[in-house]
Amino acid sequence: MPRASAPRSAIEAVPLLVWDELHQVEQLRAERQALITRISQSPRFSHRHVRLEAQLAELTHRIIQAELAIGRNILPRKS
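Numbering-wise, the sequence shown is residues 17 to 95 according to our numbering.
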């Protein structure tokens with residue numbers, strides 16, 4: 017009985033032309049996570065907290081736009 021080949025990871029199936037865009041999305045996600053950490057450390061009703069939340073919303077919008085530009089089926093998802 018032939019042995020089934022191991023499934024290819026999503027990153028192996030990604031065309032070479034979108035690797036830069038994928039890297040940019042990963043950088044945006046890391047920046048978003050750092051921003052979430054900063055928000056959690058700031059006082060809740062401070063001007064700084066509100067400003068950071070506005071930056072988080074804008075950054076999240078940029079991530080979604082970048083993902084849509086690349087295509088949802090190409091992006092590897094973390095579980």
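Beta carbons are placed, not taken as given, at the ideal position from N, Cα and C, and that holds for glycine.
Check whether residue i and residue j have beta carbons under 8 Å apart
i          : j          : result
residue 51 : residue 82 : no
residue 58 : residue 72 : no
Separation of residue j from residue i, as counted between CA atoms
i          : j          : result
residue 38 : residue 61 : 35 Å
residue 85 : residue 64 : 31 Å
residue 55 : residue 87 : 30 Å
residue 53 : residue 77 : 18 Å
residue 36 : residue 70 : 27 Å
residue 49 : residue 74 : 13 Å
residue 66 : residue 47 : 17 Å
Nearest-angstrom beta carbon gap, residue j and residue i [assumed within contact, 8 Å]
i          : j          : result
residue 79 : residue 34 : Contact flag wrong, Cβ pair sits at about 15 Å.
#### Entry: Runs of beta strand (DSSP E) wholly within the region 24 to 74 (minimum 3 residues, chain order)
none
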